[in-house]
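A short worksheet on the structure shown next.
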Amino acid sequence: MLRALLLAFALVLCLCMPAGPARAQDQDLQTILQTQAEEVASPGRQSVGTLIEALTASGLPSVPLFLERWADRGVYQRSSDGLFYFAEKQGDDYALSDIASGAPAGTAPGSEMTQIRPNGGVRRVIATALVQFQLSDPDITRRSAALDAIARSPEPDQLEPLRNSIAGETDPELLARKERLAGMLAARFGDTADERIAAIEALSGALSVDVRAVLNQILTTKPGVATALPENANIARTLTPGKDLTEDEAYARLVEAGLAPAIWSRDQIKAALTENIADGAVGGVPLGQLVSEDGRDRAYAALAAAGTVPPLVTKADEATAVSAHVFYEEYDETDASITSAAREALDEVETRVFFNQMLDLGLDALSLASIYFLAAIGLAITFGVMGVINMAHGEFIMMGAYTGYVVQQIIPDYTVSIIVALPLAFAVTFGAGVAMERLVIRWLYHRPLETLLATFGISIALQQLAKNIFGTQARPLTSPSWLDGAWVLNDVVGIANIRIAIFVLALIFLGLILFVLNKTRLGLEVRAVTQNPGMAASMGINPDKINMLTFGLGSGIAGIAGVAIGLYAKVTSEMGADYIVQSFMTVVVGGVGNVWGTLAGAGLIGILQKGIEYFNPSNTLAAQTYMILFIILFIQFRPKGIVALKGRAAGD
Amino acid sequence: MNGSFLSQNRSVFWFLLSLAVFVLIVTVLSEATGNGMISTSFVKTLGKTLCLMLVAIAMDVVWGYTGILSLGHMAFFGLGGYMIGMWLMYARIEIIITESLRAAAIPPTPEEIHDAIGTQIFGVVGSSDFPPIWIFAHSFWLQIAMVVLVPGLLALVFGWLAFRSRVTGVYLSILTQAMTLALSLYLFQNESGLRGNNGLSGLQNLPGLDAVPQAQISIAFFWASAVALGAGYVLFAWVVSGKMGSVIRGIRDNESRVRFLGYHVESYKLFVFTLTGIVAGIAGALYYPQAGIINPNEIAPIASIYLAVWVAIGGRGRLYGAALGAAFVSLLSSWFTSGGAPNIPLGFYTIQWTDWWLVLLGVSFVAVTLLAPKGIGGLFDLIATRGSAEGGEKK
Chain A
1 MLRALLLAFA LVLCLCMPAG PARAQDQDLQ TILQTQAEEV ASPGRQSVGT
51 LIEALTASGL PSVPLFLERW ADRGVYQRSS DGLFYFAEKQ GDDYALSDIA
101 SGAPAGTAPG SEMTQIRPNG GVRRVIATAL VQFQLSDPDI TRRSAALDAI
151 ARSPEPDQLE PLRNSIAGET DPELLARKER LAGMLAARFG DTADERIAAI
201 EALSGALSVD VRAVLNQILT TKPGVATALP ENANIARTLT PGKDLTEDEA
251 YARLVEAGLA PAIWSRDQIK AALTENIADG AVGGVPLGQL VSEDGRDRAY
301 AALAAAGTVP PLVTKADEAT AVSAHVFYEE YDETDASITS AAREALDEVE
351 TRVFFNQMLD LGLDALSLAS IYFLAAIGLA ITFGVMGVIN MAHGEFIMMG
401 AYTGYVVQQI IPDYTVSIIV ALPLAFAVTF GAGVAMERLV IRWLYHRPLE
451 TLLATFGISI ALQQLAKNIF GTQARPLTSP SWLDGAWVLN DVVGIANIRI
501 AIFVLALIFL GLILFVLNKT RLGLEVRAVT QNPGMAASMG INPDKINMLT
551 FGLGSGIAGI AGVAIGLYAK VTSEMGADYI VQSFMTVVVG GVGNVWGTLA
601 GAGLIGILQK GIEYFNPSNT LAAQTYMILF IILFIQFRPK GIVALKGRAA
651 GD
Chain B
1 MNGSFLSQNR SVFWFLLSLA VFVLIVTVLS EATGNGMIST SFVKTLGKTL
51 CLMLVAIAMD VVWGYTGILS LGHMAFFGLG GYMIGMWLMY ARIEIIITES
101 LRAAAIPPTP EEIHDAIGTQ IFGVVGSSDF PPIWIFAHSF WLQIAMVVLV
151 PGLLALVFGW LAFRSRVTGV YLSILTQAMT LALSLYLFQN ESGLRGNNGL
201 SGLQNLPGLD AVPQAQISIA FFWASAVALG AGYVLFAWVV SGKMGSVIRG
251 IRDNESRVRF LGYHVESYKL FVFTLTGIVA GIAGALYYPQ AGIINPNEIA
301 PIASIYLAVW VAIGGRGRLY GAALGAAFVS LLSSWFTSGG APNIPLGFYT
351 IQWTDWWLVL LGVSFVAVTL LAPKGIGGLF DLIATRGSAE GGEKK
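If you read the sequences in order, they're chains A and B.
For the first sequence, my numbering begins at 1 and goes up steadily by one.
For the second sequence, my numbering begins at 1 and goes up steadily by one.
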């Protein structure tokens, strides 16, 4: 008996033991589907949930693929036996493949196969169910794509699968993204208020745009109006008519809420009057008197008294109606503790964003300053040190940029071509500068105003010449690929690599010029000639030669600046003219005759322009206008610039 | 005094005489008198040239006589144009709107007309409200006052700031250029209230004079420009003669020395700067109704530099030189750029003057500065009688 019992037990065990695990394998995908074949074939948005739950609970590896195909209308039912297959049309027939293994399962005539077409609502349900599979998909790009999809359109029911997938994530970068996203979803869709508040507080340390978006979505408000503040509403703030919103706006809200009759506009009054013209008069008021608002009001009042039109809402009516109501903004989120937590978090985030924006603005200003510095440093030598007004300086910048362009046409490699272009641009503009000094400027050293005019003549001739040679359209000067992209610190602070390169170039030139002027024989002679050419000549310095070299040096640097500016802006025949006034401003503001002054001038102008742009970002024209006005005023108070020379070096 | 200043400037008589003869000839030959040997558009070009000559002699007084190389006088010129353009546009559109609303069942109120004009004028910059600067636009006389006041006040304030801090020489030139740049950049904005880069247009149509043919209007403007030029010439001839003329020439040659002699240099400079600014504004107010359109490009710094080019080529320090220079270069420029000049085929390359004119102008400008600082006016020295009291530049 005992043996029989044991045997029976063993038998049961034998039957059951494999039965447990075998059930999942035995009961394959097709079987599960067949149990609810009706639902698979024509799923409904409400009812499909149980089926999908059964599928996901089965843990079968083929489920995700099936769900995908199902949603994409790739699943067909064979009418002969009711089995489901993946099918693809081949001529008139369908090539079938097994839904579990994907193995080919023969063909079937078109008449036998029915395509299953889940509607949009069902597809969304399927997509949500798919997220958890995709989030733990072995393929990293698919996991990443799933995260992108969630970030794009966050849904409450994505939170659970997202959290579940965190544990199994192996890639550290994706893990961080998942945790971040889970935090943001929890802040918006968490189950309990405490959970949400905790998630919101965790967000306050962040800086990125999407975190701000999440917080702002929690804090969305809707306008409200009532006779008294509602008790149970989560009020963001109450609005005082006349202060937070105008009387007319307040009244418009009343009208919108159906609490007051609409105000008739002048056009509507006019239309009503037009409709009621009788015998050359409206309401007894002759047409001739309707040329004033007053006459029209009288005519309308007459019509209203006769009952043909509704009475006009007067200013007094408007004021009474407005004062009888309270206006407020109400949070869409009803829980006050959540909104106040979100408000606090947002304030904290925005403070950090503000400081980072300032940092970013500082970087922008620095970059602009270095561009101005590059454009002006050549002038600082020719104008600042030699006192020669060179209106063609901008055209030397243009020449340098076109040199770079031509070199790029010959040498296709961008890195090599830039390395060739920089010294070549220097050589070309050095030559042009020396030629100009020899031919024109040296005859005019004692007539500075005429230097201005003569160099201006050269400037228009060079500009037109460039237009004739290169055409009017902008030419590209492409930077090497290693200068593409940007150095990004965080979501707010970032700067393009090319701007960093220009900054570095500006620093190099600052150092180079300081070295040449202060530490070399040439610099000594330049300073001597500029301070007192007669005395310098009697000391054995040849002023002609020094002037020529100095002018060439200043022009050559303009050429290099041209290559740098061309990399960052387009190369046109007018690009020099765009910089010339600002360059002179930079030198004058900084203080003539001093390289440090030019640096200070460029810094001031860069910071100023970016600062003004910050307050009015849509209007760079206004920023430039105000900057120039500021400079004009600045020169009133410091005519000699920021760094004014003193003593004998100041000259006259 | 009157006799003495005219005897000091014999060129006044000759200038007025030749101007009168010129005006008579053009009038007789124009379409307005039925002759038609000079087309209406060319009459307009000549009328515009007279306005440019007027602003050029103003520039000559401020630069050639006082030594202030202003690169901002075309900004005053443009401002004058804008001021008259505001009235022209407002008044013409007012007439059109009133006409079109006449058919309405209920006669329009003044507010409705005003609003409709605003929509018509500012629709192009996406607005319909009149900016505050248009408050006088409805009145011809008030706006005429603006033609004088706006450039005059700008010149006064700017000049006062610049001269009192003793900004001189090239610094002042750069400063005036900055002012011009700031003004044109400001006007380029749609928010400036002057229709941004669209500018003001349709100025050739005078309000209420639609029935009058353009041939006659152009002659009327030509006459007005000639009268203004003649009056301006006499005015500036008076300014640059007598004691005043001596002082400002002294300022040009050695400012410090004049100051040490006890003259208040800043006041003289400010007077000249403001007066010439006003005359430039008036010249602009006569120029732009003939041009038909004004936009911020007209005020760009390059325009003022061209003005200096004309004066330099014509010859600084003599009024007729500046006037001739402006006429010569601007007419030559329109001849070259409109394709009037024959192209020069070189076999391998054809020189098209529309492309090469600016190169030629630039190079000849350098040549004039280097080789002939007295400009075209210097030619008159060769034929001038021995006892001429004309100042000229003695540098």
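We put the beta carbon where it would ideally sit given N, CA and C, even for glycine.
Residue range of the unbroken beta strand (DSSP E) whose run includes S97 (chain A): 93–97
Closer than 8 Å between beta carbons: that is the criterion. Which residues of the stretch 270–296 of chain A meet it against chain B? K270, L273, T274, I277, V282, L287, G288, L290, V291, S292, E293, R296
For the alpha helix (DSSP H) that P289 (chain B) lies in, which residues bound it at each end? 265–291
When Cβ atoms are compared, which residues of the stretch 444–460 of chain A fall closer than 9 Å to chain B? L444, R447, P448, L449, E450, T451, L452, L453, A454, T455, F456, G457, I458, S459, I460
On the three-state DSSP scale, how would you describe S30 (chain B)? strand
Neighbour flag for T40 (chain B) against chain A, beta carbons, 8 Å: no
Does any C-beta atom of chain A lie closer than 8 Å to the C-beta of F130 (chain B)? no
Do we get a CB-CB distance below 8 Å when we pair R166 (chain B) with the residues of chain A? yes
For Q177 (chain B), which residues in chain A fall below 7 Å Cβ to Cβ? V581
Report back the beta-carbon spacing between E395 (chain A) and Q463 (chain A) to the nearest angstrom; my notes put them in contact at under 8 Å. 6 Å
Taking 8 Å as the CB-CB limit, is A644 (chain A) close to chain B? no
When DSSP builds the beta bridges, which residues end up paired with A278 (chain A)? A:A281
Going by CA-CA distance only, name the one from A:P543, A:L505, A:V504 that's closest to G523 (chain A). A:P543
Anything in chain A within Cβ reach of V170 (chain B), meaning under 7 Å, just list it in chain order. I389, P448, L449, L452
Pull out every residue of the stretch 524–545 of chain A whose Cβ sits closer than 8 Å to any Cβ of chain B, in chain order. none
Looking at the structure shown, is V55 (chain B) part of a helix, part of a strand, or coil, going by DSSP? helix
Is F130 (chain B) helix, strand or coil by DSSP? coil
Could you run through the stretch 363–375 of chain B and flag, in chain order, every residue whose CB is less than 9 Å away from some CB of chain A? V363, S364, F365, V366, A367, V368, T369, L370, P373
Can you look up Y349 (chain B) in the DSSP assignment and give me helix, strand or coil? coil
Looking at the strands, I want to know which residues DSSP matches up with G576 (chain A). Answer is none; G576 (chain A) lacks a bridge partner.
Determine the direct distance from the alpha carbon of L29 (chain A) to that of P64 (chain A), and round the result to whole angstroms. 11 Å
For P639 (chain A), return the contacting residues in chain B, with the cut-off set at a CB-CB distance below 9 Å. S165, R166, V167, Y171
Mind checking W482 (chain A): buried by the 16 CB within 10 Å criterion, or exposed? exposed
Run the CB neighbour count on W141 (chain B), radius 10 Å, all protein chains shown included, and call it buried at 16 or more, exposed below. exposed
Start and end of the beta strand (DSSP E) containing V75 (chain A)? 75–78
Closer than 8 Å to chain B by CB, G651 (chain A): No answer about G651 (chain A) holds up, because its pLDDT of 49 lies below 50 and its placement is not dependable.
So within the stretch 438–507 of chain A, which uninterrupted alpha helix (DSSP H) runs reach at least 4 residues, ignoring any that extend past its ends? 448–470
Once DSSP output is grouped into helix, strand and coil, what is the label at K270 (chain A)? helix
Is any beta-carbon of chain A found at less than 8 Å from that of F188 (chain B)? yes
To the nearest angstrom, report how far apart V265 (chain B) and V240 (chain B) are at their CA atoms. 15 Å
Here's the rule I'm using: 16 or more other beta-carbon atoms within 10 Å means buried, otherwise exposed. How should V75 (chain A) be labelled? buried
Return yes when the Cβ of Q582 (chain A) is within less than 8 Å of the Cβ of I605 (chain A), no when it is not. yes
Just to confirm, is the Cβ distance from I96 (chain B) to I121 (chain B) under 8 Å? no
Mind checking the stretch 558–585 of chain A against chain B and listing, in chain order, the residues whose C-beta falls within less than 7 Å of any C-beta there? V581, F584, M585
Ends of the alpha helix (DSSP H) at A312 (chain B)? 301–314
Looking at the strands, I want to know which residues DSSP matches up with I85 (chain A). Note on identity: in this sequence residue 85 (chain A) is Tyr, with Ile being the wrong assignment. The partner list for Y85 (chain A) (beta bridge, DSSP) reads A:Y76.
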